[in-house]
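Student: Starting off with a structure, shown below.
Protein chains: 2
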Amino acid sequence: MKESIDLKSQLRQHGHKLTTQRAEVWEVLKGAPGHLTAEQVAADTASGVNLASVYRALGLFTDIGIARESRLGNDDAARWEVAHPDDEFHIVCRSCGRVEHHGGDLVQQIRTHLSNSHGFEAATVELAVSGECSRCSDPSAA
Amino acid sequence: MKESIDLKSQLRQHGHKLTTQRAEVWEVLKGAPGHLTAEQVAADTASGVNLASVYRALGLFTDIGIARESRLGNDDAARWEVAHPDDEFHIVCRSCGRVEHHGGDLVQQIRTHLSNSHGFEAATVELAVSGECSRCSDPSAA
DNA sequence: ATGCGTATTGCGAATCGTTCGCAATTAACC
DNA sequence: GGTTAATTGCGAACGATTCGCAATACGCAT
Numbered sequence: 264m265k266e267s268i269d270l271k272s273q274l275r276q277h278g279h280k281l282t283t284q285r286a287e288v289w290e291v292l293k294g295a296p297g298h299l300t301a302e303q304v305a306a307d308t309a310s311g312v313n314l315a316s317v318y319r320a321l322g323l324f325t326d327i328g329i330a331r332e333s334r335l336g337n338d339d340a341a342r343w344e345v346a347h348p349d350d351e352f353h354i355v356c357r358s359c360g361r362v363e364h365h366g367g368d369l370v371q372q373i374r375t376h377l378s379n380s381h382g383f384e385a386a387t388v389e390l391a392v393s394g395e396c397s398r399c400s401d402p403s404a405a
Numbered sequence: 264m265k266e267s268i269d270l271k272s273q274l275r276q277h278g279h280k281l282t283t284q285r286a287e288v289w290e291v292l293k294g295a296p297g298h299l300t301a302e303q304v305a306a307d308t309a310s311g312v313n314l315a316s317v318y319r320a321l322g323l324f325t326d327i328g329i330a331r332e333s334r335l336g337n338d339d340a341a342r343w344e345v346a347h348p349d350d351e352f353h354i355v356c357r358s359c360g361r362v363e364h365h366g367g368d369l370v371q372q373i374r375t376h377l378s379n380s381h382g383f384e385a386a387t388v389e390l391a392v393s394g395e396c397s398r399c400s401d402p403s404a405a
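Taken in order, these protein sequences are the chains called W and C. Sequential numbering of the first sequence, starting at 264, is according to this note's numbering. Sequential numbering of the second sequence, starting at 264, is according to this note's numbering.
Laid out in structure tokens, this is it:
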């Protein structure tokens with residue numbers, strides 16, 4: 264079977280080593296439900312990878328394109344997640360605090376619109392929406 | 264003639280005083296081309312308002328809804344601007360570094376899409392796009 | 001398997017943006 | 001003009017992130 268992303272080869276491709284710490288950080292990131300702060304990642308690593316090293320690993324993953332960093336709404340700590348193949352965006356429910364990912368073509372539509380109407384070629388599209396998720400605005404949907 | 268926003272009455276409405284510092288911060292914000300960091304605002308005030316006070320003023324303006332805070336892409340400092348009546352979004356050119364505002368119905372489309380397809384009622388929509396603006400991707404447009 | 005050379009780690013100190021505590025000041029109302 | 005509570009300015013405190021550097025571990029060749 265094929266793992267979504269082969270960390271070792273990705274690192275090698277960019278001239279970096281596969282270390283146990285990087286592997287652990289990657290595992291945590293892959294296994295996490297949503298976005299994690301560096302601190303959360305550090306706490307979840309099997310051997311308690313040093314926070315500074317976690318930052319370095321996450322920064323590296325982001326640089327080589329296998330992770331994505333984002334700074335949601337009001338929060339002041341950055342969060343990371345595995346880079347999904349396609350654009351996606353976050354919606355933050357301000358009632359329950361949940362952060363959900365949304366894929367779909369919305370971001371693609373945004374790109375198209377910007378390109379057509381404004382001649383702007385979007386490299387990254389970061390969309391953070393806060394509001395009431397269906398679960399919170401309509402309790403019957405719970 | 265009618266000023267876009269009457270600072271004094273806005274403050275009063277929410278039980279706050281109009282101080283010279285707040286007025287200066289407001290002037291800077293209104294007169295600024297784009298988003299400013301707190302530090303930039305402080306530097307631009309006529310009498311050199313203290314940075315902490317600038318933060319307090321900006322926070323207050325944001326709370327009462329007459330300013331808007333945002334944290335663009337890679338930058339790690341928050342920026343503020345006068346709250347425009349409608350949703351808008353920022354596009355950051357990674358070549359020239361310019362930050363442009365865009366109004367239009369794009370954000371409204373996003374709201375509609377989220378509401379219709381996901382039952383999510385968006386309160387705030389923050390969209391930050393980075394890429395190449397037309398000026399940079401096509402030098403002839405300069 | 002072993003050793004080498006370099007990338008990487010861990011630690012603590014440094015940095016940056018932002019907030020806090022508190023004494024001195026000042027706006028709003030009489 | 002006087003009273004009083006809100007606000008300012010300052011410097012210290014804070015949390016997130018980065019940096020410097022000695023110790024360590026990976027990848028490669030042997």
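Glycine is no exception: its CB is placed at the ideal position from the N, C-alpha and C atoms. Computed from a prediction, not measured in an experiment: that's the story for all the values here.
Using a Cβ-Cβ distance cut-off of 9 Å, determine whether Gly328/C contacts chain W.
Tutor: no
Student: Classify Gly278/W as helix, strand or coil using the three-state DSSP reduction.
Tutor: coil
Student: DSSP beta-bridge partners for Phe352/C?
Tutor: BP columns for Phe352/C point to His365/C.
Student: So, is the C-beta of Glu389/C closer than 9 Å to a C-beta in chain W?
Tutor: So, interface residue.
Student: For chain W, find out if any of its Cβ atoms is closer than 9 Å to the Cβ of Gly382/C; answer yes or no.
Tutor: yes
Student: Among all the DSSP beta bridges, which residues are the ones paired with Thr387/W?
Tutor: Its beta-bridge partners are Ser393/C.
Student: With 16 other CB atoms within 10 Å as the buried threshold, where does Ser393/W fall?
Tutor: buried
Student: Identify the contact partners of Arg334/W in chain C, using a Cβ-Cβ distance below 7 Å as the criterion.
Tutor: Arg334
Student: Just to confirm before moving on: does the CB-CB distance between Val312/W and Glu287/W stay below 9 Å?
Tutor: yes
Student: Identify the contact partners of Ser393/W in chain C, using a Cβ-Cβ distance below 9 Å as the criterion.
Tutor: Ala385, Ala386, Thr387, Val388 and Glu389, listed in chain order.
Student: Do you know how far the Cα of Glu290/C is from the Cα of Ala305/C?
Tutor: 11 Å
Student: Can you tell me which of the three DSSP states Arg334/C falls into?
Tutor: coil
Student: Quick one: give me the first and last residue of the alpha helix (DSSP H) that Val304/W is part of.
Tutor: Start and end: Ala301 to Asp307.
Student: How about Ile329/W and Leu369/W: are their beta carbons less than 9 Å apart?
Tutor: For Ile329/W and Leu369/W, no; Cβs fall outside 9 Å.
Student: Let's see if you can read the secondary structure: which residues bound the beta strand (DSSP E) around Val345/W?
Tutor: Arg342 to Val345
Student: Cβ of Glu363/W within 9 Å of Cβ of Glu384/C?
Tutor: By the CB criterion at 9 Å, Glu363/W and Glu384/C fall outside the cutoff.
Student: Consider the Cβ of Leu299/W: report whether some Cβ of chain C lies at a distance smaller than 9 Å.
Tutor: Proximity of Leu299/W to chain C, defined by a Cβ-Cβ separation below 9 Å, is not satisfied.
Student: Quick one: which chain W residues come within Cβ less than 7 Å of Leu369/C?
Tutor: Neighbours of Leu369/C on chain W, chain order: Ile373 and His376.
Student: Between which two residues does the alpha helix (DSSP H) carrying Gly322/W extend?
Tutor: Leu314 to Asp326
Student: Less than 9 Å between the beta carbons of Arg275/C and Leu323/C, yes or no?
Tutor: no
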